[in-house]
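Counting in the working numbering, the sequence shown runs from 3 upward without gaps. Below is one structure, written out as structure tokens; comments come after it.
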Amino acid sequence: MKDLKRDIVLSVENLHTSFQVGRRTIEVVKGVSFEVHRGKTLAIVGESGCGKSVTIHSVMKLLPPQGRITAGKVTYYGKNGRVLPLSEYPPYSKEMRAVRGREIGIIFQDPMASLNPVYTIGDQIIENLRQHERIGKKEALERAVAMLQRLGIPDAARRVHDYPHQFSGGMKQRAMIAIAMICNPQILIADEPTTALDVTIQAQIMELMQELQDTGGTSIILITHNMGLVAEMAHYIAVMYLGRVVEYGTAEQVFEDARHPYTAGLLKSVPVLGMKKDRMYTIRGTTPSVDEVKEGCEFTSRCDYVMESCRKGVIPEYLVDEGHMVRCNLVAEGIRP
Numbered sequence: 003m004k005d006l007k008r009d010i011v012l013s014v015e016n017l018h019t020s021f022q023v024g025r026r027t028i029e030v031v032k033g034v035s036f037e038v039h040r041g042k043t044l045a046i047v048g049e050s051g052c053g054k055s056v057t058i059h060s061v062m063k064l065l066p067p068q069g070r071i072t073a074g075k076v077t078y079y080g081k082n083g084r085v086l087p088l089s090e091y092p093p094y095s096k097e098m099r100a101v102r103g104r105e106i107g108i109i110f111q112d113p114m115a116s117l118n119p120v121y122t123i124g125d126q127i128i129e130n131l132r133q134h135e136r137i138g139k140k141e142a143l144e145r146a147v148a149m150l151q152r153l154g155i156p157d158a159a160r161r162v163h164d165y166p167h168q169f170s171g172g173m174k175q176r177a178m179i180a181i182a183m184i185c186n187p188q189i190l191i192a193d194e195p196t197t198a199l200d201v202t203i204q205a206q207i208m209e210l211m212q213e214l215q216d217t218g219g220t221s222i223i224l225i226t227h228n229m230g231l232v233a234e235m236a237h238y239i240a241v242m243y244l245g246r247v248v249e250y251g252t253a254e255q256v257f258e259d260a261r262h263p264y265t266a267g268l269l270k271s272v273p274v275l276g277m278k279k280d281r282m283y284t285i286r287g288t289t290p291s292v293d294e295v296k297e298g299c300e301f302t303s304r305c306d307y308v309m310e311s312c313r314k315g316v317i318p319e320y321l322v323d324e325g326h327m328v329r330c331n332l333v334a335e336g337i338r339p
């Protein structure tokens, strides 16, 4: 098994997460499985509310009190052959605290909400570093400055003492990357890392992440609904809809041979330069609430290819090619969307 897993750094198998809402229990992550390869980028894509962020928060044991993992296995394959069963560790255990920040770094969606306004940028970088490494304040500060310089912060030796409100949006996001990367983690999770940033800053942030991967061999989990970023960054893609992974494969497999109608719809709806406004493709209907579909395929109400078999039971996973999984009955019928 170790030989088979030698290029895998994180494995998630059949993950289920539910939330208690009043007297109701709502399942928001439904049997999600994926793998993260060493030095590669996995993009988890789908519209807002499909369960992308909850999936990652479940993996990292960062769920709010009303959230609960009900099933699944999460395994981290560390350096020197270490295998850590993350799903077996309690959220506040020393094992999970050691993994967060040191082995797996996270860039959250909103840097302003994630950065503490009463501590300097340097203090927040140093806090993460000293939590995992036994070094003095002077060395920690030097490493914080060096990381900010590496990320393109001008006059880093002075700006390291600034507070978050003194940084622009793009600089705040760079500061978040510095906090996440200061311990040289094997995996960097980027949850919508370019939200609310202008196009130029978006490109700079993605270039930085690509450079970190190229120079340090970092694996990246990119959570996004931006298919342009996915095309540029991803080696593997997991497409989510209403809590399920409906298609999974290499970027080439998903972009060139999309087999799920939702994936095909996402790709068709990407605007192309010079496209006429009346030619813009949209997926019909609206997304149902996560607890509305009790049986069958969650995409049934919006699918142009729906069959009677799509409304019953749990749709099986079909392997259409090596590493290319699709959860859609069209595969069995030999129909391409």
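C-beta: ideal position from N, C-alpha, C; glycine also. A quick note: this is a predicted structure, and the numbers were derived from the prediction, not measured.
Inset, instruction - Flag this pair as yes or no: are the beta carbons of residue 192 and residue 222 separated by less than 8 Å? - result: yes
Legend entry - Where residue 130 falls, given that 16 or more other Cβ within 10 Å makes a residue buried: buried
Inset, instruction - Look at the alpha carbon of residue 197 and the alpha carbon of residue 24, and state the distance between them as a whole number of angstroms. - result: 31 Å
Inset, instruction - Report yes if the C-beta distance between residue 220 and residue 188 is below 8 Å; otherwise report no. - result: yes
Inset, instruction - Measure the beta-carbon distance from residue 164 to residue 122 and round it to whole angstroms, keeping in mind my assumption that it falls under 8 Å. - result: 6 Å
Inset, instruction - For residue 181, collect the residues of the same chain with a Cβ closer than 7 Å to its Cβ; drop the 5 residues on either side in sequence, then sort them by chain order. - result: 126, 127, 130
Inset, instruction - Just tell me which of 76, 86, 110, 88 has its CA closest to the CA of residue 183. - result: 110
Legend entry - Same chain, Cβ closer than 7 Å to residue 101, five either side skipped, listed in chain order: 78, 86, 88
Inset, instruction - Starting from the C-beta of residue 270, find all residues in its chain whose C-beta is less than 8 Å away, skip the five residues before and the five after it, and write them out in chain order. - result: 283
Legend entry - residue 330 versus residue 308: straight-line alpha-carbon distance, rounded: 10 Å
Legend entry - Beta-bridge partners of residue 193, as assigned by DSSP: 225
Legend entry - Assigned secondary structure, residue 323 (DSSP; H/G/I helix, E/B strand, else coil): strand
Legend entry - Contained beta strand (DSSP E) runs [length at least 3] in the region 36-110, N- to C-terminal order: 43-47, 69-79, 85-87, 106-109
Legend entry - Cα-Cα separation, residue 114 to residue 166: 7 Å
Inset, instruction - Answer yes if the region 135-147 comes into contact with the region 226-242, meaning at least three C-beta pairs across the two stretches below 8 Å, and no otherwise. - result: no
Legend entry - Span separating the alpha-carbon of residue 35 from that of residue 93: 20 Å
Inset, instruction - Measure the CB-CB distance between residue 172 and residue 190 and report whether it falls below 8 Å. - result: no
Legend entry - Selected residue, minimal CA-CA separation from residue 334, among 311, 324, 325, 301: 311
Legend entry - Assigned exposure category for residue 37 - 16 Cβ within 10 Å defines buried: buried
Legend entry - Simplified DSSP assignment, three categories, for residue 130: helix
Legend entry - Distance CB(residue 117)-CB(residue 159) smaller than 8 Å: no
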